[in-house]
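J.: Per numbering that gives the first Met the number 0, the sequence shown starts with residue 0, numbered consecutively.
A virtual CB, placed ideally from N, CA and C, is assigned to each residue, including glycine.
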Amino acid sequence: MNKFLRALTLSALGLVLGPTLSQAQTYPNKPVRVVVPFPAGGIVDILTRAVTEKVAANWGTPIIVEAKPGAGALIGTEAVANAPADGYTFLVATITTAVGPLINPQFKYDLRKDFAAVALFATAPNMVVVPPSLPVSNMAELVDLARKSPGKLNYAHTGVGSTNHLPVEFLKFSRQLFIVPISYRGQPQAITDVLAGQIQLFAGAPALLAPHVKAGKLKAIAVTSSTRLEDTPQVPTLLESGHGDVQGGSGWFGIVAPAGTPPAIVKRFNEEINAALKAPEVIERLRKAYAFPETGSPEDFTKFLNDEGTRWSKLVKEAKLKLE
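1) Taking the alpha carbon of residue 258 as the reference point, which residue from 61, 54, 80, 221 has its own alpha carbon closest?
2) Should residue 177 go down as buried or exposed, given a rule of 16 or more other Cβ atoms within 10 Å for buried?
3) Closer than 7 Å by C-beta to residue 321: which residues in its own chain qualify, once you throw out the five before and the five after it? Chain order, please.
4) Using alpha carbons as the reference points, say which of 198, 229, 232 lies closest to residue 217.
5) Could you compute how far the alpha carbon of residue 144 sits from the alpha carbon of residue 227?
6) Tell whether a beta-carbon distance below 8 Å holds between residue 121 and residue 252.
7) With respect to the alpha helix (DSSP H) encompassing residue 74, which residues constitute its N-terminal and C-terminal limits?
8) Under 8 Å: do the segment 263-282 and the segment 128-145 share three or more Cβ pairs, one atom per stretch?
9) Would you tell me roughly how many angstroms separate the C-alpha atoms of residue 189 and residue 72, rounded to the nearest one?
10) Can you grab the Cα-Cα spacing for the pair residue 262 / residue 86, in whole Å?
11) Ends of the beta strand (DSSP E) at residue 120?
12) Rounded to the nearest angstrom, how far is the Cβ of residue 260 from that of residue 115, given a contact under 8 Å?
13) Mark residue 171 as exposed unless 16 or more other C-beta atoms lie within 10 angstroms of its C-beta, in which case mark it buried.
14) Smallest Cα separation from residue 230: which of 210, 26, 278, 147?
15) How about residue 76 and residue 125: do their beta carbons lie closer than 8 Å?
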């Protein structure tokens with residue numbers, strides 16, 4: 000009887016796992032779609048393509064990177080959350096998609112509940128810039144000017160919970176400043192208005208800002224990395240500027256799938272992403288974008304997302320951040 004029950008159990012298990020394992024072995028057999036919930040040409044798009052183009056080349060199967068910006072990453076996130084969990088649609092997750100549900104009541108998708116973690120693939124700092132016409136050259140002078148002129152300065156951000164929204168909001172809260180937030184669909188559009196002097200403050204991707212800083216069209220007053228950037232060694236870190244307590248200024252980038260995606264496919268995509276991140280050409284592309292490769296298992300990324308959720312729940316509550 001015991002042998003019969005054991006055989007029956009193994010047979011049933013085979014019926015459950017068989018299609019999944021077979022699917023993983025033949026996966027992918029059609030183009031894979033990776034949704035970036037931000038505009039094409041921005042830093043998230045750039046980093047995603049650096050990795051997925053290598054994965055696609057190794058697979059011999061196209062990976063289509065599709066930009067679906069809007070509503071602080073909600074539009075793209077929603078599209079993937081509602082997509083079939085068949086391993087052919089993925090989302091690029093960032094700090095924005097992690098913090099969004101904590102601040103925006105309309106952002107009902109939780110990375111920890113509605114998605115399966117695939118891989119964390121990069122981290123990147125931001126550069127804090129102002130137009131040359133603004134009479135400040137460092138963070139202390141910026142804070143002093145904002146304190147003396149409440150409501151007269153504004154700053155650009157690309158969505159509630161983004162790395163160009165969170166650090167300024169924490170700066171405002173901790174220093175009791177009134178700086179007006181102006182929302183944009185993406186960094187390229189925001190940078191255009193900073194260059195024109197219509198925006199007085201922006202914390203954005205060094206890859207997009209450094210060329211303007213070098214050309215003298217923008218002033219960089221800080222970077223959010225732990226050390227100064229090699230390409231702009233004259234720009235101090237937030238810590239060196241006396242603002243090391245400001246949170247949320249550096250970004251992370253990962254891939255998630257709709258909840259219910261077969262674990263074997265998640266594991267397969269994770270392994271391919273990790274392999275791509277070891278390729279010299281991918282490392283170089285990330286370096287040029289001022290980003291750093293990150294590798295790990297789906298379980299590692301799951302823990303990371305859980306830790307981020309706990310950390311930001313506490314910080315958002317303490318800073319009283321809310322949708323404006």
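T.: Short version:
1) By one-based count along the sequence shown, residue 258 stands at place 259. Residue 80 is the option with its Cα nearest to residue 258.
2) For the purposes of this step, residue 177 is taken as the residue at position 178 of the sequence shown. Exposed, since its Cβ has fewer than 16 Cβ neighbours within 10 Å.
3) Along the sequence shown, read from residue 1 onward, the residue named residue 321 stands at position 322. Around residue 321: 102.
4) For the purposes of this step, residue 217 is taken as residue 218 along the sequence shown, with counting starting at 1. Of the candidates 198, 229, 232, the residue whose Cα lies closest to the Cα of residue 217 is 198.
5) Working through the sequence shown from its first residue, we reach residue 144 at position 145. Working through the sequence shown from its first residue, we reach residue 227 at position 228. Roughly 25 Å separates the two Cα atoms.
6) Taking the first residue of the sequence shown as position 1, residue 121 is located at position 122. Taking the first residue of the sequence shown as position 1, residue 252 is located at position 253. Contact: yes.
7) For the purposes of this step, residue 74 is taken as the residue at position 75 of the sequence shown. Taken as a continuous stretch (DSSP letters only), the alpha helix (DSSP H) holding residue 74 covers 73-80.
8) no
9) Within the sequence shown, residue 189 is the residue found at index 190, counting from 1. Within the sequence shown, residue 72 is the residue found at index 73, counting from 1. Residue 189 and residue 72: Cα-Cα distance of roughly 16 Å.
10) Translated into positions along the sequence shown, residue 262 becomes position 263. Translated into positions along the sequence shown, residue 86 becomes position 87. C-alpha separation (whole angstroms): 9 Å.
11) Taking the first residue of the sequence shown as position 1, residue 120 is located at position 121. Looking at the DSSP string, the run of the beta strand (DSSP E) that includes residue 120 is 114-123.
12) In the sequence shown, counting from the first residue as 1, residue 260 sits at position 261. In the sequence shown, counting from the first residue as 1, residue 115 sits at position 116. That belief holds up - the Cβ atoms of residue 260 and residue 115 are roughly 5 Å apart, short of 8 Å.
13) In the sequence shown, residue 171 corresponds to position 172, counting from 1. So residue 171 counts as buried.
14) Taking the sequence shown and counting its residues from 1, the one referred to as residue 230 is at position 231. The candidate whose alpha carbon is nearest that of residue 230 is 210.
15) As a working mapping, residue 76 is identified with position 77 in the sequence shown. As a working mapping, residue 125 is identified with position 126 in the sequence shown. Their beta carbons are not under 8 Å apart, which means residue 76 does not touch residue 125 by this criterion.
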